[in-house]
Amino acid sequence: MGGLSILLIPFYLRFLGPQQWGVVAICMTLQAFFNLLDAGLSQIMPRDVARVAHQPNVRLKIFVIYQRAYIGLALGGFVLGQFSLPWLIENWFGSGKSFAPEAIWAFHLVLLQFLFQFSNNSNIGYWNGMQMQSTANIRQCSFGLIKHLGALSCVYFWRADAIAYLIPFTTIAIIEYLSNLYSIRSSLRESRLDPILWMDYKKLGHEAGVLLVGVLVGMLASQMDRIVLPKYVDVASFGIYVIVANLGLAVMQLQQPLIRAFLPRITQDLEENKKIHSDGLLWE
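So this is what it looks like as structure tokens:
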């Protein structure tokens, strides 16, 4: 998916032009910034799902807890983003001088895309925890390809601006989230949801908080340039910078598939070893 995005950038740049592509680049930066809300959750959800992979009722409870946590964070980021946009446009994104009304609507639209795309992380985390990486990857690649095909069609046949680019991405993100959620819920329909208590969310917050600082620092380090630059460079220059930066960041993400594949397997092996010890079948 990273390779597909990089390969298609020249086409987007040609169809949209430097100015509109710069608006898209700022939209991508907004989305990346609010993705910082995921600091911690994406690291521990596959582990927690893997621990209870053979306990359907507990697995359903874990999934619902994380799903609600992701939706809550997504709604918080969405509302915060919508209220902060006027200030960002006026004081940060080129002092608001370079944006037509259509571009401003693009910023609102990308936050709607973020709402569903961020919430979908709970579905991806569940599949990774169940060692169903092939399912997660196939769905991500399929929906990602549809998003890009829709965006290319809209900017080429309809109108060459950021709105046309974002409409397919937002629409497919909503469909992707609902489709993935339906698929997981269908697989768990025979399971019984145990009561969820406030202590369950408190425990999740405590565990995620342990990782929060380290993950947040790392994610901020990779995004700080994109957060700072929009204030000091024009929109077109920022769009070109994002193209170059994406090449470097894509190389830095090559290890992610290995991490997603091995962490749940390691967790399950540890849980099996604990069970063997508790049953008295293995002595050290």
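In the working numbering, the protein residues as written are 857 to 1140. Quick reminder that beta carbons are idealized off the backbone N, C-alpha and C, glycines included.
- Between R1082 and A959 a beta carbon distance of about 17 angstroms is seen, past the 8 angstroms cut, so the two are scored as non-contacting.
- If you check the CB distance, Y922 and G858 do not come in under 8 angstroms.
- Counting along the chain, I900 sits inside the alpha helix (DSSP H) bounded by residues 897 to 907.
- When the beta-carbon positions are compared, F867 and A1016 stay at least 8 angstroms from each other.
- Between the alpha carbons of P1120 and D1050 lies a gap of roughly 23 angstroms.
- For the pair L860 and F955, the Cα-to-Cα distance works out to about 28 angstroms.
- Between the region 1033 to 1045 and the region 893 to 905 there are fewer than three C-beta pairs closer than 8 angstroms, too few to call the two in contact.
- Taking Q969 as reference, the option from I1019, L1053, D1056, N913 with the minimal CA-CA separation is I1019.
- V880 and N913 have their C-alpha atoms some 43 angstroms from each other.
- In terms of Cβ geometry, T1026 and L965 form a close pair [threshold 8 angstroms].
- Nearest to C1010 by C-alpha distance, out of A1064, F949, P1024, is P1024.
- Straight across, the Cα-Cα distance linking S1047 with N993 is about 25 angstroms.
- Taken atom to atom, the span from the alpha-carbon of I882 to that of F1094 is near 8 angstroms.
- Looking at L936, I1122, F963, the one whose alpha-carbon comes closest to that of F949 is F963.
- C-alpha of Q987 to C-alpha of H1004: approximately 27 angstroms in a straight line.
- Cβ-Cβ separation between A1029 and Q938: approximately 17 angstroms, too far for a contact (criterion under 8 angstroms).
- Its chain contains I1019 as the residues whose beta carbon lies nearer than 8 angstroms to that of W961, once the 5 sequence neighbours on both sides are disregarded; these appear in chain order.
- Assigned with DSSP and collapsed to three states, V1089 falls in coil, not helix or strand.
- In the three-state DSSP reduction, P1051 falls in the coil class, being neither helix nor strand.
- Taken in chain order, the complete alpha helix (DSSP H) segments of 4 or more residues contained in the region 944 to 985 are 957 to 975, 977 to 985.
- Less than 8 angstroms divides the Cβ of W877 from the Cβ of L869.
- According to the DSSP assignment, W877 belongs to the alpha helix (DSSP H) that extends over 858 to 890.
- Excluding its 5 nearest sequence neighbours in each direction, L1072 has C-beta neighbours in its own chain below 7 angstroms: L892, A895, listed in chain order.
- Under the DSSP assignment, F1013 falls outside any alpha helix (DSSP H); it carries neither an H nor an E label.
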